[in-house]
Each structure stands twice: as C-alpha cells, then as structure tokens.
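Chemist: Here the sequence shown is numbered in UniProt numbering, starting from 1 and rising by one per residue.
One structure, as structure tokens, below. Some questions next.
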Amino acid sequence: MANFSDGKYQLILNAAMEVITEKGYDKTVISDIVKKAGVAQGTFYLYFSSKKALIPAIADHLLSITFGKIKEKAQDKESFWDVLEVVISETFDITDSYKEILVLCYSGLAIDHSMEKWEAIYSPYYDWLENILVKAMNNNEIVSDLHAKWTAKLLINLIENAAERFYIGLEQEEPLDVYKTRVFHFIKRSLWRN
C-alpha cells in the first residue's frame, strides 16, 4: 500500500508535470518520469496504475495550487468585488504558468469521460465561491435573486475559459490587463445590484 505522506507521490507528480511539459504527453514514458523524480519504476505503480492515471492527479494538484493562492489572497478582502479581482488574477496567472499541462488535463479528462472526476476535483472551489456569493447577497453587494451554486460554477468556468482563450487560444488582441478588466466588468454588470 502506498504511503502518500512520504513525499514520493509529490516527487512523481512534479516530475511528470515537468517531463510532460518538455516532451508532450505522447512522447513521455514512465521511465522519464521516474528518472526525473529519482525513484524506482516500481514506485510509480504504487501511486499510479498507468501514465493515464496521472491526468486527474495533475488536474487536482493544479486546482489545489490555484484554489490555495486564491483563498490566501482573498482572505483579507472585505468586498465581493475585491475577491472577484483576486479570482480573476490568480486564474490568469496559473493558466499562464501551466498552459501546456492544462490542455493535457482537459483533453485527458474529456477522453476518459471523467466529468464526474472533474466535478469532484472542483467541488471545494465551487462550494467556497458559493459561500462568497451568499455573503455578497446578504451584504447587498450583488443581486439577491440568483442561484448561488449554479452561479459559482458559471463564474469559475467563465473566468477559466477567458484565461484559456488568452493564453492557450492566443486571443491577445488586447493587453492582458485590459482583457482581465473586461472579464471583471462583464461579471460586475451581470451581478451588480442596482
């Protein structure tokens, strides 16, 4: 039985992300990953059943990084709009840093018909933003007649899609700061309490 607290899981995951970024998923082999991680090939299989099994683990890891940074930077923010700016900024930063890996995660989870895995990975993030939305409704910062759970999912997907279009789809007709401001204002116009 694998011990996930021994650090080897994280070594393998980090090595996999590096090797896949360098070589691409198809050209990456397990031996490249374990060599980079400094572990035996058999150790890989204690944690992952195959190379394909890395994809949801990488997706979970990247979302943990994103969500952790967002929560840390948003914890002292008083207004919903300040929190939203943090969510947009951090989502764009992570997408830029990990764009090659994100494409792999999306395609891998889609090919594997793993939408339920995707939803499970995102559940804590959705719940957190839902709570932020409820607080904003209670504080009269945003419209009060929205469905918070649905809106949380929609906002996260909208912001991620905008970041992906900028960095992966290369829709860069405008500078980054203008692009992020447009996303912010679009959401604000949608939720603003008149």
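The beta carbon of each residue, even a glycine, is placed where N, CA and C say it ideally should be.
Just so you know, these numbers come straight off a predicted model, no measurement behind them.
Got a sec, what are the start and stop residues for the alpha helix (DSSP H) Lys188 sits in?
Modeler: Note, Lys188: alpha helix (DSSP H), 176-191.
Chemist: When you compare only the Cα positions, how much space is there between Leu11 and Cys105?
Modeler: Those two C-alpha atoms are separated by around 19 Å.
Chemist: Quick check on Val39: buried or exposed, where buried means 16 or more other Cβ atoms within 10 Å of its Cβ?
Modeler: Flag for Val39 reads buried.
Chemist: Applying the 10 Å Cβ sphere with the 16-neighbour rule, what's the burial state of Phe67?
Modeler: Buried, because 16 or more other Cβ atoms sit within 10 Å of the Cβ of Phe67.
Chemist: Given Ile20, which residues of its chain have a CB within under 7 Å of its CB, disregarding the five upstream and five downstream residues?
Modeler: Taken in chain order, the residues that qualify are Thr28, Ile101, Leu104.
Chemist: DSSP state of residue 204, grouped into three classes?
Modeler: In the structure as shown, the chain begins at 1 and stops at 194. Residue 204 is therefore absent and cannot be evaluated.
Chemist: Count the other CB atoms, across all protein chains shown, that sit within 10 Å of the CB of Pro175; report buried if there are 16 or more and exposed otherwise.
Modeler: Result: exposed.
Chemist: When the distance is taken between beta carbons, is Leu63 closer than 8 Å to Tyr122?
Modeler: Yes, they are a contact pair.
Chemist: Within the chosen definition, does the region 156-164 reach the region 132-143 through at least 3 CB pairs nearer than 8 Å?
Modeler: Segments in contact, no.
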